[in-house]
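Below is one structure, written out as structure tokens, with a few remarks after it.
Number of protein chains: 2
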Amino acid sequence: MSTIADVAARAGVSKATASRALSGRGYVSEDTRRKVADAAAELAYVAHSSAFSLATGRTHTVGVVMPSLERWFFAELLAGIQESLLEQGYDLTLYSLDAGANQRVRLFDGILPRKRFDGIIAAGIQPGPRELERMLRPDRPLVSVGPHAEGASSVSIDDFAAARIATEHLITLGHTRVAFVGTAADAAARSFVDGRRVEGYREAMASAGLGAGIRIVGAGSGGGTTPDGYAAAAELLGDRRARPTAIVGVCDEAAIGAIIASRRLGIAVPAELSVVGIDDHQHAEMFALTTIRQRPREQGAEAVRLLQRRIADADAPIEHVVAASALVVRNSTAPAR
Amino acid sequence: MSTIADVAARAGVSKATASRALSGRGYVSEDTRRKVADAAAELAYVAHSSAFSLATGRTHTVGVVMPSLERWFFAELLAGIQESLLEQGYDLTLYSLDAGANQRVRLFDGILPRKRFDGIIAAGIQPGPRELERMLRPDRPLVSVGPHAEGASSVSIDDFAAARIATEHLITLGHTRVAFVGTAADAAARSFVDGRRVEGYREAMASAGLGAGIRIVGAGSGGGTTPDGYAAAAELLGDRRARPTAIVGVCDEAAIGAIIASRRLGIAVPAELSVVGIDDHQHAEMFALTTIRQRPREQGAEAVRLLQRRIADADAPIEHVVAASALVVRNSTAPAR
Chain A
1 MSTIADVAAR
11 AGVSKATASR
21 ALSGRGYVSE
31 DTRRKVADAA
41 AELAYVAHSS
51 AFSLATGRTH
61 TVGVVMPSLE
71 RWFFAELLAG
81 IQESLLEQGY
91 DLTLYSLDAG
101 ANQRVRLFDG
111 ILPRKRFDGI
121 IAAGIQPGPR
131 ELERMLRPDR
141 PLVSVGPHAE
151 GASSVSIDDF
161 AAARIATEHL
171 ITLGHTRVAF
181 VGTAADAAAR
191 SFVDGRRVEG
201 YREAMASAGL
211 GAGIRIVGAG
221 SGGGTTPDGY
231 AAAAELLGDR
241 RARPTAIVGV
251 CDEAAIGAII
261 ASRRLGIAVP
271 AELSVVGIDD
281 HQHAEMFALT
291 TIRQRPREQG
301 AEAVRLLQRR
311 IADADAPIEH
321 VVAASALVVR
331 NSTAPAR
Chain B
338 MSTIADVAAR
348 AGVSKATASR
358 ALSGRGYVSE
368 DTRRKVADAA
378 AELAYVAHSS
388 AFSLATGRTH
398 TVGVVMPSLE
408 RWFFAELLAG
418 IQESLLEQGY
428 DLTLYSLDAG
438 ANQRVRLFDG
448 ILPRKRFDGI
458 IAAGIQPGPR
468 ELERMLRPDR
478 PLVSVGPHAE
488 GASSVSIDDF
498 AAARIATEHL
508 ITLGHTRVAF
518 VGTAADAAAR
528 SFVDGRRVEG
538 YREAMASAGL
548 GAGIRIVGAG
558 SGGGTTPDGY
568 AAAAELLGDR
578 RARPTAIVGV
588 CDEAAIGAII
598 ASRRLGIAVP
608 AELSVVGIDD
618 HQHAEMFALT
628 TIRQRPREQG
638 AEAVRLLQRR
648 IADADAPIEH
658 VVAASALVVR
668 NSTAPAR
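Each protein sequence line maps, in turn, to chains A and B.
Taken in order, the first sequence gives residues 1 to 337; the numbers are from our numbering.
Taken in order, the second sequence gives residues 338 to 674; the numbers are from our numbering.
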């Protein structure tokens with residue numbers, strides 16, 4: 001079995017340089033990296049990451065738990081987490097949770113407790129106390145993206161404020177019949193984030209004296225997709241007399257679904273219907289969608305920073321970062337007629 | 338430090354049962370799984386996965402390399418791979434490649450060669466000979482999704498045939514001005530899959546004597562997104578005289594972008610413009626999009642099966658699976674006027 005010394009000798013560099021080149025941690029020129037990689041390949045050198053990890057107790061691997069990757073937010077967030085971890089020389093072990101409750105039990109009870117991750121990032125899931133207990137270990141910090149979790153650092157936008165500001169934007173434009181679309185119809189099935197957004201909408205409506213007009217048209221399953229927004233808007237817009245003049249989507253995907261439905265029904269946006277979303281999805285500009293902007297890639301990078309602080313120092317304080325969000329007014333909202 | 342025997346004793350089950358419950362491999366009732374997990378948590382039992390892996394040479398981890406997760410195909414494929422690996426008790430270490438060429442060099446030269454994965458699944462990337470050499474090791478089989486790679490099993494649809502059939506569908510409807518949209522403008526920047534689809538379109542046009550009418554309107558970057566299809570269609574449809582009567586999208590996302598652009602320009606689909614895609618994206622039905630259906634989740638599961646066969650038996654033959662695809666006619670295509 002070749003050693004790092006053999007590789008260094010063959011590549012004509014120091015052991016330290018060879019180690020840096022192979023680990024991906026620390027600076028080394030592309031040229032040197034290539035030379036060392038060639039030497040390692042020729043010698044069939046394999047770093048003993050398992051032996052290394054037994055000796056140091058570190059695996060340089062972070063577990064990431066998130067729901068379905070279908071939603072833009074999670075795909076972007078994952079890209080941000082991935083990029084940051086790779087830069088720092090960490091591997092990312094992914095667990096996505098879209099196959100239902102049974103998989104969730106198995107993950108939390110059977111798999112996560114026995115894994116030797118240096119830390120865990122849990123995104124968009126609201127862990128129960130029992131699940132939290134399974135994830136948290138003294139030597140394994142947790143960062144939550146979206147929901148807060150006891151004992152974990154977190155990064156999120158203020159989802160309550162985001163939905164409140166989106167709704168207030170419509171109310172300021174003179175709209176009184178403002179509906180909220182695209183979250184799960186069953187409140188118990190809503191994610192923590194969606195629930196906060198519903199509350200923000202309710203608060204804005206109630207504060208403006210429009211509490212009696214609160215109307216939430218939900219989706220059959222988890223919600224948050226373009227077809228969910230499409231179906232909800234088609235239902236709302238079908239009945240001419242009860243038709244709202246404005247719609248808040250639980251996210252941009254739902255808002256875009258509402259715009260597509262209204263175009264299909266021949267209802268002009270924004271002349272006859274104003275639509276606002278939350279996200280600033282990559283398609284928002286194409287639909288001229290007014291929205292509350294957030295940057296999931298940056299939230300992913302922030303989650304990695306928060307995690308690393310606690311990996312480096314188990315006594316580092318738990319931190320809660322509220323990421324910036326801002327109203328971006330495009331052409332899907334206009335004064336009520 | 339607690340042992341598996343301690344956990345089994347506390348849970349009141351055999352060592353074998355405790356091991357099955359904790360490893361997630363083999364059947365055990367939910368109730369027993371919970372009892373064992375509780376016992377393990379109370380005893381702060383941590384399986385020595387590193388020690389285990391030194392002893393057996395197996396890490397029960399599979400590396401997955403894929404480009405951007407923004408495209409529906411890759412998000413779905415990843416979900417399929419993830420679900421199958423989890424069922425089999427394997428972890429998934431993810432490397433996504435959307436941060437550019439420098440990251441790619443580092444991944445192939447610095448990171449992959451030294452990782453102790455049981456196997457690798459590479460999706461949507463066309464590895465060069467040097468990259469292939471870095472990924473392949475006698476003890477580490479490779480499965481490629483999309484492009485074929487020397488020495489690797491593969492799963493893909495017949496992308497050439499898919500685009501040919503999509504184009505022929507339009508030609509059969511009497512269309513002669515048929516454009517292809519949404520792939521990278523620069524042929525060298527096209528993915529292997531996109532390149533095959535362009536060839537399939539060319540072949541169908543040439544065979545029908547329409548070779549002179551071949552028209553490919555590409556995107557600035559990698560292509561394949563809804564905004565790419567939107568921009569290409571807006572360009573094509575802007576000039577009334579040179580306007581095509583039919584469009585083939587390199588994928589459904591590009592085709593949907595073309596439909597959105599035509600609606601914005603007041604061009605009726607399918608009366609004035611027929612549009613066909615490839616994928617059967619989750620939004621295809623909402624846009625009544627005619628398309629070539631493929632099932633990336635099933636391709637992900639198939640990739641895991643191919644990989645496991647070669648993990649279990651290093652001498653197992655290399656296999657190439659061509660997944661089924663079929664024309665699904667909806668309401669975005671109609672006879673030429």
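Beta carbons are placed, not taken as given, at the ideal position from N, Cα and C, and that holds for glycine.
Minimum Cβ-Cβ distance from residue i to chain B less than 8 Å
i, result
"residue 30/A", "yes"
"residue 34/A", "yes"
"residue 67/A", "no"
"residue 222/A", "no"
"residue 283/A", "yes"
"residue 21/A", "yes"
"residue 37/A", "yes"
Bridge partners - residue i, DSSP secondary structure assignment
i, result
"residue 349/B", "DSSP output for residue 349/B lists no bridge partner at all."
"residue 297/B", "Only positions 338 to 674 of chain B appear in the structure, and residue 297/B is not among them; the question remains open."
"residue 61/A", "91/A"
"residue 497/B", "Answer by DSSP bridge pairing: none, since residue 497/B is not bridged."
"residue 696/B", "The requested residue 696/B is not part of the displayed model; chain B covers only 338 to 674."
"residue 142/A", "120/A"
"residue 553/B", "517/B"
"residue 492/B", "482/B and 658/B"
"residue 698/B", "Residue 698/B lies beyond the residue range present for chain B, which begins at 338 and ends at 674; the question has no answer from this structure."
Residue i versus residue j - alpha carbon distance
i, j, result
"residue 575/B", "residue 552/B", "15 Å"
"residue 349/B", "residue 451/B", "41 Å"
"residue 345/B", "residue 186/A", "40 Å"
"residue 67/A", "residue 642/B", "24 Å"
"residue 495/B", "residue 444/B", "29 Å"
"residue 456/B", "residue 423/B", "15 Å"
"residue 293/A", "residue 325/A", "5 Å"
"residue 508/B", "residue 412/B", "32 Å"
"residue 134/A", "residue 355/B", "17 Å"
"residue 544/B", "residue 628/B", "21 Å"
"residue 449/B", "residue 71/A", "29 Å"
"residue 724/B", "residue 612/B", "Absent from the model: residue 724/B. The displayed extent of chain B is 338 to 674, so no value can be given."
"residue 477/B", "residue 425/B", "17 Å"
"residue 334/A", "residue 169/A", "10 Å"
"residue 146/A", "residue 374/B", "27 Å"
"residue 644/B", "residue 430/B", "15 Å"
"residue 296/A", "residue 73/A", "6 Å"
"residue 615/B", "residue 587/B", "7 Å"
"residue 309/A", "residue 142/A", "11 Å"
Secondary structure of residue i, DSSP reduced to three states
i, result
"residue 309/B", "Given a span of 338 to 674 for chain B in the structure shown, any question on residue 309/B remains unanswerable."
"residue 84/A", "helix"
"residue 599/B", "helix"
"residue 365/B", "coil"
"residue 449/B", "helix"
"residue 560/B", "strand"
"residue 665/B", "strand"
"residue 269/A", "coil"
"residue 568/B", "helix"
"residue 137/A", "strand"
"residue 66/A", "strand"
"residue 337/A", "coil"
"residue 286/A", "coil"
"residue 356/B", "helix"
C-beta neighbour in chain A for residue i, strict 8 Å
i, result
"residue 487/B", "no"
"residue 318/B", "Missing from the structure shown is residue 318/B; chain B here goes from 338 to 674 and no further."
"residue 597/B", "yes"
"residue 567/B", "yes"
"residue 661/B", "no"
"residue 571/B", "no"
Residue i CB to nearest heavy atom of the ligand COA below 7 Å
i, result
"residue 36/A", "The ligand COA is not part of the structure shown, which contains no ligands of any sort."
Discussion item. Could you check whether the region 293 to 304 of chain A touches the region 72 to 79 of chain A, counting it as contact only if at least three pairs of C-beta atoms, one from each stretch, sit closer than 8 Å?
Written reply: yes
Worksheet entry | the region 395 to 408 of chain B touching the region 620 to 627 of chain B, judged by at least three CB pairs closer than 8 Å | no
Worksheet item: Counting Cβ pairs closer than 8 Å, one from the region 577 to 588 of chain B and one from the region 511 to 527 of chain B, do we hit at least three?
Response: yes
Fill in: the region 611 to 621 of chain B contacting the region 218 to 231 of chain A, beta-carbon criterion three pairs below 8 Å
yes
Discussion item. For the structure I just gave you, are there three or more beta carbon pairs, one from the region 318 to 327 of chain A and one from the region 146 to 163 of chain A, closer than 8 Å?
Written reply: yes
Fill in: At least three beta-carbon pairs within less than 8 Å, the region 247 to 254 of chain A to the region 180 to 200 of chain A
yes
Worksheet item: Hey, is the region 260 to 275 of chain A in contact with the region 196 to 213 of chain A, meaning 3+ C-beta pairs nearer than 8 Å?
Response: no
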